[in-house]
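Student:
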Amino acid sequence: MKKIGIVTSGGDAPGMNAAIRALVRLSAWNNIETIGFLRGWEGIIKNNFINLDARAVSGILHLGGTILKTTRCLEFKTKEGLEKAAENLRSNNLDGLVVIGGDGSIRGAYELSRLTDVKIVALPASIDNDVYPSDETIGFDTAVNSALTEINKIRDTAISHERTFIVEVMGRKRGFLAVEVGLTAGAEVILVPEVEYDEDAVVEAIRKNARKGKNSSIIVIAEGVGKTTSLAEAIEKNVGVEVRVSVLGYVQRGGSPTARSRYLASIFAAKAIELLLDGKGGATIGIQKGQVTSTSLDESCRNEKPLNLELLRLAEKLAV
Ligand code: F6P
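Just so we're aligned, residue 2 is where the sequence shown starts under this note's numbering, counting upward by one.
#1: Does the count of Cβ pairs from the stretch 136 to 155 and the stretch 189 to 205 closer than 8 Å reach three?
#2: Rounded to whole angstroms, what's the CA-CA distance from L312 to A186? Just pull it up for me.
#3: For E195, does the count of other Cβ atoms within 10 angstroms reach 16, so buried, or fall short, so exposed?
#4: Tell me whether the beta-carbon of K78 lies closer than 8 Å to the beta-carbon of I33.
#5: Contact between the stretch 36 to 47 and the stretch 129 to 143: three or more CB pairs below 8 Å?
#6: Considering Cα atoms alone, identify which of L69, V180, E112 and A86 is closest to I101.
#7: Examine the Cβ distances between the stretch 263 to 279 and the stretch 12 to 21 and report whether three or more of them are shorter than 8 Å.
#8: Have a look at E331 and V221 and give me their C-alpha separation to the nearest angstrom.
#9: So is Y111 buried or exposed if we call it buried at 16+ other beta carbons inside 10 Å?
#10: I need the straight-line Cα distance from R26 to V226, nearest angstrom please.
#11: Which of the three DSSP states is assigned to K1 in this structure?
#12: Just checking T17 against ligand 1 - is the residue's beta carbon closer than 7 Å to any of the ligand's heavy atoms?
#13: Between the C-alpha atoms of I191 and L95, what's the straight-line distance to the nearest angstrom?
#14: I need the straight-line Cα distance from G282 to G11, nearest angstrom please.
#15: With C-beta atoms as the reference, is I160 less than 8 Å away from A233?
#16: Could you tell me whether the Cβ atoms of P15 and T138 are closer together than 8 Å?
#17: Would you mind giving the Cβ-Cβ distance between S247 and I155, rounded to the nearest angstrom? I have them listed as a contact below 8 Å.
#18: Using 8 Å as the Cβ pair cut-off and three pairs as the minimum, do the stretch 163 to 177 and the stretch 284 to 291 touch?
#19: Can you tell me the Cα-Cα spacing of A57 and V182, whole angstroms?
#20: Rank K209, K213 and V145 by C-alpha distance to the C-alpha of V1 and give the top, closest one.
#21: Determine the direct distance from the alpha carbon of R175 to that of L277, and round the result to whole angstroms.
#22: Looking at E305 and ligand 1, is the gap between the Cβ and the nearest heavy atom below 7 Å?
#23: Going by DSSP, which residues form a beta bridge with S295?
#24: Would the beta-carbon of G241 be found less than 7 Å away from any heavy atom of ligand 1?
#25: Thinking just about the alpha-carbon of each residue, which of S127, S297 and K238 is nearest to the one in L178?
#26: DSSP state of G82, grouped into three classes?
#27: Do you know offhand how far L310's Cα is from M171's?
#28: Output the distance between the C-alpha atoms of E163 and R245, rounded to the nearest integer angstrom.
#29: Residues in its own chain within less than 8 Å of T230 by CB, not counting five upstream and five downstream?
#30: Taking Cβ to Cβ, would you say G82 is nearer than 8 Å to E76?
#31: Quick one, which of R303, N304, K272 and D279 has its alpha-carbon nearest T294's?
#32: Considering only the alpha carbon of each residue, which of D157, N239 and L184 lies closest to S217?
#33: Within the same chain, show all residues whose beta-carbon is closer than 6 Å to that of C74, passing over the 5 residues directly before and after it, in chain order.
#34: With DSSP as the reference, label R40 as helix, strand or coil.
And the structure:
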């Protein structure tokens with residue numbers, strides 16, 4: 002293993018820079034040359050890269066986002082795009098490629114791995130926490146804490162004005178963020194894309210709360226559920242309480258990574274370099290029950306990570 006490429010792809014996640022730093026430093030330690038492709042898959046297709054040495058990654062550990070930039074690249078989804086990318090891995094004499102990103106990026110890594118002998122390893126990094134089979138992705142913990150900080154403030158207003166707040170968190174397809182944020186924020190109701198939306202049940206829950214003397218409530222809803230405005234209207238009309246909507250948006254994607262996100266970035270990177278030094282590729286790194294794992298890219302793509310619905314029931318009991 003003499004030379005590897007690094008690429009960040011899809012939505013940015015706090016800790017991507019920590020992963021880039023760890024990969025570059027561990028490569029330097031093992032006398033491996035590193036280059037970083039710019040703007041995700043687009044950078045590989047256009048052969049746009051920078052040389053990365055140990056000093057090039059100084060001062061980035063604490064920064065959110067990715068110094069390599071990222072895009073959602075449509076061309077990479079085409080046969081021509083994939084072939085161009087595979088050709089550029091060859092023309093740069095790469096022995097390995099580390100892809101840092103969420104489930105879409107891991108799917109991309111798998112598609113590319115079928116067209117090249119270059120060893121490809123993926124590090125799960127996404128605030129959606131949606132990569133199979135890893136218990137956690139780089140950036141998830143930071144996003145949970147960022148959302149929690151905001152909901153703590155919203156709770157102050159909810160209590161003072163005796164209002165119900167509907168707080169929309171990110172998660173277009175998956176509800177991992179909504180569940181963990183909802184549980185830790187003490188939300189009275191949590192709504193996720195994985196569970197069929199039932200407006201009447203939510204209205205009833207808020208009505209019950211009001212009868213019990215709970216004069217304020219927080220509903221955490223994943224953006225993928227998509228009913229935020231109509232739900233607010235339904236609660237106001239049927240329960241007669243004041244409702245406000247707060248969409249947290251991109252504050253959840255940025256910010257300095259927590260210790261946990263930096264820790265995962267470091268141990269995932271170490272496993273990736275270990276595999277590459279052994280001449281192995283075609284793997285997604287992860288963590289399960291505290292142990293760093295390696296799963297084939299194929300298996301990682303073919304399976305959907307299950308959401309623990311027990312946590313929804315726990316949140317419901319805690320909000321009694
Ligand atoms: O990074 C994941 C995610 O935040 C999803 O939850 C969300 O649906 C999506 O990215 C939106 O990102 P963008 O606007 O960059 O496409």
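Beta carbons are placed, not taken as given, at the ideal position from N, Cα and C, and that holds for glycine.
Computed from a predicted structure; not experimentally measured.
Tutor: Considering the structure as presented:
#1: no
#2: Taking the first residue of the sequence shown as position 1, residue 312 is located at position 311. Taking the first residue of the sequence shown as position 1, residue 186 is located at position 185. Roughly 13 Å separates the two Cα atoms.
#3: Residue 195 sits at position 194 when you count from the first residue of the sequence shown. Buried, by the Cβ-count rule.
#4: As a position in the sequence shown, residue 78 is number 77, starting the count at 1. As a position in the sequence shown, residue 33 is number 32, starting the count at 1. Not a contact, by the Cβ cut-off of 8 Å.
#5: no
#6: Reading the sequence shown from its first residue, position 100 is the one you call residue 101. For the residues L69, V180, E112 and A86, the minimum Cα distance to I101 belongs to L69.
#7: yes
#8: Because the chain here runs from 2 to 321, residue 331 falls outside it and cannot be looked at.
#9: Looking up residue 111 in the sequence shown gives position 110. With 16 or more Cβ atoms within 10 Å of its Cβ, Y111 is classed as buried.
#10: The sequence position of residue 26 within the sequence shown is 25, counting from 1. The sequence position of residue 226 within the sequence shown is 225, counting from 1. The straight-line gap from Cα to Cα measures roughly 41 Å.
#11: Residue 1 cannot be examined here, being either before or after the span of the chain that is shown, 2 to 321.
#12: For the purposes of this step, residue 17 is identified with residue 16 of the sequence shown, where counting begins at 1. Going by the sequence as given, residue 17 is Met instead of Thr. Every heavy atom of ligand 1 is 7 Å or more from the Cβ of M17, so no.
#13: Position 190 of the sequence shown holds residue 191. Position 94 of the sequence shown holds residue 95. Roughly 46 Å separates the two Cα atoms.
#14: Your numbering for residue 282 matches position 281 in the sequence shown. Your numbering for residue 11 matches position 10 in the sequence shown. Distance between the alpha carbons of G282 and G11: 21 Å.
#15: In the sequence shown, counting from the first residue as 1, residue 160 sits at position 159. In the sequence shown, counting from the first residue as 1, residue 233 sits at position 232. No.
#16: Here the question's residue 15 lines up with position 14 in the sequence shown. Here the question's residue 138 lines up with position 137 in the sequence shown. Not closer than 8 Å, so no.
#17: Translated into the one-based positions of the sequence shown, residue 247 becomes position 246. Translated into the one-based positions of the sequence shown, residue 155 becomes position 154. That pair is a contact at about 6 Å.
#18: no
#19: Indexing the sequence shown from 1 puts residue 57 at position 56. Indexing the sequence shown from 1 puts residue 182 at position 181. Whole-angstrom Cα-Cα distance: 35 Å.
#20: What is shown of the chain runs 2 to 321, which leaves residue 1 out entirely.
#21: In the sequence shown, residue 277 corresponds to position 276, counting from 1. In the sequence shown, residue 175 corresponds to position 174, counting from 1. So the alpha carbons of these two residues sit roughly 31 Å apart.
#22: Locating residue 305 in the sequence shown gives position 304, counting from the first residue. Flag unset: Cβ of E305 not near ligand 1.
#23: Here residue 295 is taken as the residue at index 294 of the sequence shown, counted from 1. BP columns for S295 point to I286.
#24: Here residue 241 refers to the residue found at position 240 of the sequence shown. Flag unset: Cβ of G241 not near ligand 1.
#25: For the purposes of this step, residue 178 is taken as the residue at position 177 of the sequence shown. Of the listed residues, the one whose Cα sits closest to L178 is S127.
#26: Looking up residue 82 in the sequence shown gives position 81. G82: helix per DSSP, three-state reduction.
#27: Residue 310 sits at position 309 when you count from the first residue of the sequence shown. Residue 171 sits at position 170 when you count from the first residue of the sequence shown. So the alpha carbons of these two residues sit roughly 18 Å apart.
#28: Numbered from its first residue, the sequence shown carries residue 163 at position 162. Numbered from its first residue, the sequence shown carries residue 245 at position 244. So the two alpha carbons sit approximately 11 Å from each other.
#29: Numbered from its first residue, the sequence shown carries residue 230 at position 229. Here the set comprises V246.
#30: Mapped onto the sequence shown, residue 82 falls at position 81. Mapped onto the sequence shown, residue 76 falls at position 75. The answer is yes: Cβ separation under 8 Å.
#31: As a working mapping, residue 294 is identified with position 293 in the sequence shown. When each option's Cα is compared against that of T294, the closest is K272.
#32: Here the question's residue 217 lines up with position 216 in the sequence shown. S217 has its Cα closest to that of D157, out of D157, N239 and L184.
#33: Indexing the sequence shown from 1 puts residue 74 at position 73. Only G41, W42 and E43 meet the Cβ criterion.
#34: Indexing the sequence shown from 1 puts residue 40 at position 39. Note: R40 maps to coil in three-state DSSP.
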